[in-house]
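Visitor: Residue numbers (the numbering used here): 32 to 765. Glycine included, each C-beta is placed from N, C-alpha and C at the ideal position.
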Amino acid sequence: ADSLYVSEYFSQSAQKLSFYSWYGNAKLFHFHVPEDTVLLRWLLQASRGKGPECTSMEITVHFRHGAPPVINPLGTRFPANATVRPSYNISITLSSAVPNTTFVNVTTPASGDWFIAAHLPQAAGRIEVKGFSTPCPYMFQADMFVLRLTDMPVLEPGVPMPHTVVSPAKPLHVKVFVPKHAAAMRFQLSSCVTSEQRACTVRVLLGSITLPQSFQRSLTCTGSTNCSLALESPPWEKWLQIMVESLGTANASVSVEMLASFTVCRPGSASSFLNFISLNQSQAGARPGAAGSSAPAAAQAPLNTSGQRSSCLQSQPVVREDLDVVSVRYRLLNGPSVPVSSLSPTLLLLNLNTGMDSGGSLVVSLLLNKTSVSLANATVAACVSAASPVLSLNATRNCSTAFSQGYPLSVSTSSPEAMLIVLYPQTDDWFLSLQLLCPKGQGECGSAEGRVSVLAYLTPCFNDCGPYGQCSLLRRHGFLYAGCSCKAGWGGWSCTDDSKAQTVGTQNLATLLLTLSNLMFLPAIAVAVYRFYLVEASVYTYTMFFSTFYHACDQPGVAVLCIMDYDTLQYCDFLGSVVSIWVTILCMARLKKILKYVLFVLGTLLIAMSLQLDRRGVWNMMGPCLFALLIMVTAWVHHGAKRRHCYPSSWKRWVFYLLPGITLAFIAISVYAFMETNENYYYTHSIWHVLVACSVAFLLPPRDKHKKPWAWSQKLTCRYQICQNDREELYAVT
Numbered sequence: 032a033d034s035l036y037v038s039e040y041f042s043q044s045a046q047k048l049s050f051y052s053w054y055g056n057a058k059l060f061h062f063h064v065p066e067d068t069v070l071l072r073w074l075l076q077a078s079r080g081k082g083p084e085c086t087s088m089e090i091t092v093h094f095r096h097g098a099p100p101v102i103n104p105l106g107t108r109f110p111a112n113a114t115v116r117p118s119y120n121i122s123i124t125l126s127s128a129v130p131n132t133t134f135v136n137v138t139t140p141a142s143g144d145w146f147i148a149a150h151l152p153q154a155a156g157r158i159e160v161k162g163f164s165t166p167c168p169y170m171f172q173a174d175m176f177v178l179r180l181t182d183m184p185v186l187e188p189g190v191p192m193p194h195t196v197v198s199p200a201k202p203l204h205v206k207v208f209v210p211k212h213a214a215a216m217r218f219q220l221s222s223c224v225t226s227e228q229r230a231c232t233v234r235v236l237l238g239s240i241t242l243p244q245s246f247q248r249s250l251t252c253t254g255s256t257n258c259s260l261a262l263e264s265p266p267w268e269k270w271l272q273i274m275v276e277s278l279g280t281a282n283a284s285v286s287v288e289m290l291a292s293f294t295v296c297r298p299g300s301a302s303s304f305l306n307f308i309s310l311n312q313s314q315a316g317a318r319p320g321a322a323g324s325s326a327p328a329a330a331q332a333p334l335n336t337s338g339q340r341s342s343c344l345q346s347q348p349v350v351r352e353d354l355d356v357v358s359v360r361y362r363l364l365n366g367p368s369v370p371v372s373s374l375s376p377t378l379l380l381l382n383l384n385t386g387m388d389s390g391g392s393l394v395v396s397l398l399l400n401k402t403s404v405s406l407a408n409a410t411v412a413a414c415v416s417a418a419s420p421v422l423s424l425n426a427t428r429n430c431s432t433a434f435s436q437g438y439p440l441s442v443s444t445s446s447p448e449a450m451l452i453v454l455y456p457q458t459d460d461w462f463l464s465l466q467l468l469c470p471k472g473q474g475e476c477g478s479a480e481g482r483v484s485v486l487a488y489l490t491p492c493f494n495d496c497g498p499y500g501q502c503s504l505l506r507r508h509g510f511l512y513a514g515c516s517c518k519a520g521w522g523g524w525s526c527t528d529d530s531k532a533q534t535v536g537t538q539n540l541a542t543l544l545l546t547l548s549n550l551m552f553l554p555a556i557a558v559a560v561y562r563f564y565l566v567e568a569s570v571y572t573y574t575m576f577f578s579t580f581y582h583a584c585d586q587p588g589v590a591v592l593c594i595m596d597y598d599t600l601q602y603c604d605f606l607g608s609v610v611s612i613w614v615t616i617l618c619m620a621r622l623k624k625i626l627k628y629v630l631f632v633l634g635t636l637l638i639a640m641s642l643q644l645d646r647r648g649v650w651n652m653m654g655p656c657l658f659a660l661l662i663m664v665t666a667w668v669h670h671g672a673k674r675r676h677c678y679p680s681s682w683k684r685w686v687f688y689l690l691p692g693i694t695l696a697f698i699a700i701s702v703y704a705f706m707e708t709n710e711n712y713y714y715t716h717s718i719w720h721v722l723v724a725c726s727v728a729f730l731l732p733p734r735d736k737h738k739k740p741w742a743w744s745q746k747l748t749c750r751y752q753i754c755q756n757d758r759e760e761l762y763a764v765t
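As structure tokens, this is what we get:
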């Protein structure tokens, strides 16, 4: 009977793409491929806006099974001990407003989590003011189509099973379950004949396809002779998919007989009862009378030499301790160090199969106790692998298992420390295998042993991104993952690439420029005080203070000083800047005092509200400016009509004050809106500070002619005064 196939379709909402500067700019899509899937098809749809600002653009799409893809579009360096394998990616070019549709097919894909990451090319680094320009929207959407076999035959281990391949267009799919502690698997195909009683040719594919690397094994069988394939360290407690396809004529069916057998090793370890007692004692403390008998037995059980000789691996109990989001610590029950011998590997299980662990970095650190090794030239070889452990460690196998490639480590008396960083480890059971090796073979080692201290943990960002980076927790629907945002020219996955880093001198110069440039408000404050504009002078002092300390706290390097919370400093800086412009223009309008101060307070309250809604919106600054200019122009027209000549009437006022002030203000706005980039920010923004402060000093109007602001002798009351006698008229009602 024909097999029953079921098709399923999974879709996620489209996301707006961003230019790439760090991992947070990549848009992530997370899918789950069900078991027994024989065909996976990605439907990738990309589109762009229709405005004139939209140009031809190349979108890069990365694929990975088990964890988010590790990408490096900027070509930066990774941490020293990190293992990086290039991701599988394709490029999609958007040359017009017509949407682009791309299909990616994967046959016999691995079940479980699949991730897609998409991004635009490297960001230009220009700082754009929100609202001044309209960026072109580039949209990307990924949909998944799967074809699943509902009645996939099961191949029982050790039992020969006949099957028929109907035609080359309809391959045969079977699966076999790999038991725990399977050291090897042997697949055998025999009795291969066609329906025409001719010699057949078939191809057998064992395993599933994973990206970026696929370790699917292929076997071609010709004729009726037996052909077989041996696999070392198959994945434990997983279904292994096997596909058999005919390479013969189209009309002939093929009959084959398949046999799968496993070699299972017997692990030797401390008994679960002793491990359970050791766990209770390590968490709750030892009880009198129990510690003396149970704990030593548990500690000495893994060192039993006779048990090592009769088993193929020594399993050490490990406790997974969840600390926080994407943060796990692995604790060995029998102490921080584990015994290692040459007779059989020591095995540690690192559980990362919760589905929420692949968004961080797995760190494994080894430290050899030199005094524990009796042979000076011995080496402890280690392998970190997923799905199945490496049970035979030597220099030639390079930590490879049946369907994956592990990560090798080694420690010796000459190099007793080793560290491994696995970026975004795939969701699975991870294993750490350790074994003592000697240059002349196992016979030289004999019964020698050593002890290795193991430190293993999962962290969101390795080394917390260092002093020049910030670890950010990112989210895509319910999946959490972490990334590093680097500063001061540093780059790389963990902000360890210093090829473009700013020197400490450059960082100090940037801090001094951005902070000391605010002292240019002192002339404006002095002019305001001299002309008796005390409220305006108070606003300029507020702006100078908070702008100075905001930029002292906003620095990316080591020259940082924060006198209060960063968010508070930023809000006060933005508020002071907009209110300074507001009060300056209203002061130029020469309104009545009561009206001017009412507008001061009301405008400040409205500006504070708008900044709370959106601090970086251009209309938070342009709106108050335009409204204040409207008030000023209206007041100037009113004054001119009342006096019947142009206001301000003095040509010196226009030539020496207003025109220079307006010119400086326009240059400042141009620098702020169109010239700032990430590289030149520290001096272009400093120029903005200087120009704005100088323009305020020029634009402040002169004081009232009848007012002498600092005539203190007329204001003191501790002397005789000639007072005006106001006569009151009293009226009597009779």
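Enumerate, from N- to C-terminal direction, the unbroken beta strand (DSSP E) stretches of 3 or more residues contained entirely within the segment 53-100.
Guide: Correct list: 58-64, 68-79 and 88-96.
Visitor: Kindly list the residues whose CB is nearer than 6 angstroms to the CB of R157, restricted to its own chain and excluding five residues on each side of it in sequence; keep chain order.
Guide: Excluding positions up to five away in sequence, the list reads T708.
Visitor: Pull up the CB-CB distance for T241 and A148, whole angstroms please, since I reckon it's below 8 angstroms.
Guide: The Cβ separation is near 16 angstroms, so there is no contact.
Visitor: For T546, collect the residues of the same chain with a Cβ closer than 7 angstroms to its Cβ; drop the 5 residues on either side in sequence, then sort them by chain order.
Guide: Closer than 7 angstroms at the Cβ level, and outside the excluded window around T546, lie T579, H582 and A583.
Visitor: Just to confirm the assignment: which complete beta strand (DSSP E) runs, minimum length 3, are found wholly within the segment 497-581?
Guide: Correct list: 500-507 and 510-517.
Visitor: How far does the beta strand (DSSP E) with F176 in it extend, from its first residue to its last?
Guide: Note, F176: beta strand (DSSP E), Y169 to L180.
Visitor: Tell me K206's beta-bridge partners as DSSP assigns them.
Guide: For K206, which the question treats as bridged, DSSP gives the partners V185 and Q272.
Visitor: To the nearest angstrom, how far is it from the Cα of V205 to the Cα of H63?
Guide: In a straight line, the C-alpha of V205 is about 21 angstroms away from that of H63.
Visitor: Count the other CB atoms within 10 Å of the CB of N651; is the residue buried (16 or more) or exposed (fewer)?
Guide: Looking at its Cβ environment, which holds 16 or more other Cβ atoms inside 10 Å, N651 is buried.
Visitor: If we count the other Cβ atoms within 10 Å of its Cβ and call it buried at 16 or more, is W613 buried or exposed?
Guide: It is buried - the Cβ of W613 has at least 16 other Cβ atoms within 10 Å.
Visitor: Taking the straight line between their C-alpha atoms, what separation do you get for Q457 and L553?
Guide: The alpha-carbon atoms of Q457 and L553 are separated by roughly 58 angstroms.
Visitor: On the CB-based measure, 16 or more other CB atoms within 10 Å of its CB, does M595 come out buried or exposed?
Guide: Exposed.
Visitor: Can you tell me whether M653 is helix, strand or coil according to DSSP?
Guide: M653: helix per DSSP, three-state reduction.
Visitor: Measuring only the C-alpha atoms, how far is K557 from A568?
Guide: In the sequence under discussion, the amino acid at residue 557 is Ala, which differs from the Lys named in the question. Using only the alpha carbons, I get a separation of about 8 angstroms.
Visitor: Opposite I452 in the DSSP bridges: which residues?
Guide: Partner(s): A113 and V394.
Visitor: When you compare each of L250, L422 and T542 to I297 by their alpha carbons, which one comes out closest?
Guide: Inspection of the sequence shows that residue 297 is occupied by Arg rather than by Ile. Answer by Cα proximity: L422.
Visitor: According to DSSP, is S423 part of a helix, a strand, or is it coil?
Guide: Looking at S423 - three-state DSSP - the assignment turns out to be coil, as it is neither helix nor strand.
Visitor: Quick one: what does DSSP say S701 is sitting in, helix, strand or coil?
Guide: Looking at S701 - three-state DSSP - the assignment turns out to be helix.
Visitor: So what does DSSP say about T708, is it helix, strand or coil?
Guide: Strand, per DSSP.
Visitor: Given a cut-off of 8 angstroms, decide if F94 and Y119 are closer than it, judged by their beta-carbon atoms.
Guide: Yes, the pair counts as a contact, with Cβ atoms nearer than the cut-off.
Visitor: For N311 and E263, what's the separation of their Cα atoms in angstroms?
Guide: The predicted model places N311 with a pLDDT of 49, which falls under 50 and marks its position as unreliable, so this point remains unresolved.
Visitor: Mark F687 as exposed unless 16 or more other C-beta atoms lie within 10 angstroms of its C-beta, in which case mark it buried.
Guide: Its Cβ having fewer than 16 others within 10 Å, F687 is exposed.
Visitor: Answer yes or no: do Y169 and R234 have a C-beta to C-beta separation smaller than 8 angstroms?
Guide: No.
Visitor: Report all residues from its chain with a CB closer than 6 angstroms to the CB of D67; omit the five preceding and five following residues, and keep chain order.
Guide: Excluding positions up to five away in sequence, the list reads R179, L180 and M183.
Visitor: Is the separation between the beta-carbon of V483 and that of L393 shorter than 8 angstroms?
Guide: For V483 and L393, no; Cβs fall outside 8 angstroms.
Visitor: Is the segment 267-283 in contact with the segment 437-457, if contact means three or more CB pairs nearer than 8 angstroms?
Guide: No, the segment 267-283 is not in contact with the segment 437-457.
Visitor: Please return the same chain residues whose Cβ sits closer than 6 angstroms to the Cβ of L260, not counting the five positions on each side in sequence.
Guide: Cβ neighbours of L260 beyond the five flanking positions: F218 and L250.
Visitor: For V69 versus T139, is the C-beta spacing smaller than 8 angstroms?
Guide: Going by C-beta atoms, V69 is nearer than 8 angstroms to T139.
Visitor: Do you know how far the Cα of D495 is from the Cα of M387?
Guide: Straight-line Cα distance between these residues: approximately 19 angstroms.
Visitor: Just checking my contact of C502 with C517 at CB under 8 angstroms: how many whole Å lie between their CB atoms?
Guide: So it is not a contact: roughly 11 angstroms between Cβ atoms.
Visitor: Are there 16 or more other CB atoms within 10 angstroms of the CB of V196, so buried, or fewer, so exposed?
Guide: With 16 or more other Cβ atoms within 10 Å, it is buried.
Visitor: Check each candidate in I121, P100, L105 and V129 and name the one with the smallest Cα separation from V115.
Guide: Minimum Cα distance to V115 is reached at P100.
Visitor: Using a Cβ distance threshold of 8 angstroms, determine whether the segment 363-380 contacts the segment 431-440, with at least three qualifying pairs required.
Guide: These segments do not touch.
Visitor: Which value, in whole angstroms, describes the spacing of the CA atoms of T253 and C231?
Guide: Their backbone Cα atoms lie some 6 angstroms apart in a straight line.
Visitor: Are the segment 345-361 and the segment 375-385 in contact at 8 angstroms, needing three or more beta carbon pairs?
Guide: Short answer: they touch.
Visitor: Residues in the same chain with beta-carbon distance under 6 angstroms from E276, minus the five sequence neighbours each way, listed in chain order, please.
Guide: The answer, listed in chain order, is P202 and R234.
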